[in-house]
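Report on the structure given below.
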Amino acid sequence: MSTDTAARFRAAVEKEDVAALEGLFTEDVCLYSPVKFQPFEGKPMVMGLFGVLLRTFEDFRYVGAYEGAAETSADGEEAPSAVLIFRTVVNGKEIHGMDLLHFDDQGLIKEFTVMVRPQSAVQALGEAVLAGLVADGLAPAPPS
Numbered sequence: 001m002s003t004d005t006a007a008r009f010r011a012a013v014e015k016e017d018v019a020a021l022e023g024l025f026t027e028d029v030c031l032y033s034p035v036k037f038q039p040f041e042g043k044p045m046v047m048g049l050f051g052v053l054l055r056t057f058e059d060f061r062y063v064g065a066y067e068g069a070a071e072t073s074a075d076g077e078e079a080p081s082a083v084l085i086f087r088t089v090v091n092g093k094e095i096h097g098m099d100l101l102h103f104d105d106q107g108l109i110k111e112f113t114v115m116v117r118p119q120s121a122v123q124a125l126g127e128a129v130l131a132g133l134v135a136d137g138l139a140p141a142p143p144s
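Position one of the sequence shown corresponds to residue 1 (UniProt numbering), numbered consecutively onward.
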């Protein structure tokens, strides 16, 4: 079932279909971002973040996938997992990254970790995502 979820997730992201993502996450999903120490928690926040991400990424594409099991940071247990390798551009910076998805017993995404490189791309991504979150009312404006 998790293989199907990973394929549906990939298709939704590639089509920039935020609505199709809605049924793929648990209500208490945690998303660990490379630009924020604390995770984004809960489906409403994660869905809002994906709305921002899909507007922010340019030429987003998945270029590889792996399946297996990995320990989750939330509970220390091994869970069915998938890794999706991607390439994209944000504000002129090319980003190489990976999405690590951990699934629950029903095959829904319960934990999501994003890793990107290089450092300059992490900074560009962080700035663009923060601007999008502020614009959507999901984060306070940074002090000036």
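Here a beta-carbon is modelled for each residue, glycine too, at the ideal position from N, C-alpha and C. Just so you know, these numbers come straight off a predicted model, no measurement behind them.
Asked	Found
For Y66, tell me which candidate among L101, Q38 and L125 has the shortest Cα-Cα distance.	L101
To which residues of the same chain is A128 closer than 7 Å at the C-beta, ignoring the five residues directly before and after it?	T56, V90 and N91
Quick one: residues in its chain with C-beta nearer than 8 Å to the C-beta of L133, no 5 flanking neighbours on either side, listed in chain order?	G48, L49, V52 and A139
Ignoring anything shorter than 3 residues or poking outside the region 40-96, list the beta strand (DSSP E) runs there in chain order.	58-71 and 78-90
Please return the same chain residues whose Cβ sits closer than 6 Å to the Cβ of E71, not counting the five positions on each side in sequence.	E78
Would you kindly work out how many angstroms separate the C-alpha atoms of I95 and A141, rounded to a whole number?	25 Å
Have a look at T5 and G64 and give me their C-alpha separation to the nearest angstrom.	16 Å
Would you mind reading off the limits of the beta strand (DSSP E) that contains F25?	F25 to Y32
Would you say A124 faces chain B, with C-beta separation under 7 Å as the test?	The chain labelled as chain B is not found in the depicted structure, where only one protein chain is given.
Could you tell me how far apart the beta carbons of F9 and L31 are, in whole angstroms, since I believe they sit closer than 8 Å?	F9 to L31, Cβ: 12 Å. No contact.
List the residues that DSSP assigns as beta-bridge partners of R117.	H96
Hey, would you say S2 sits closer than 7 Å to F86, going by beta carbons?	no
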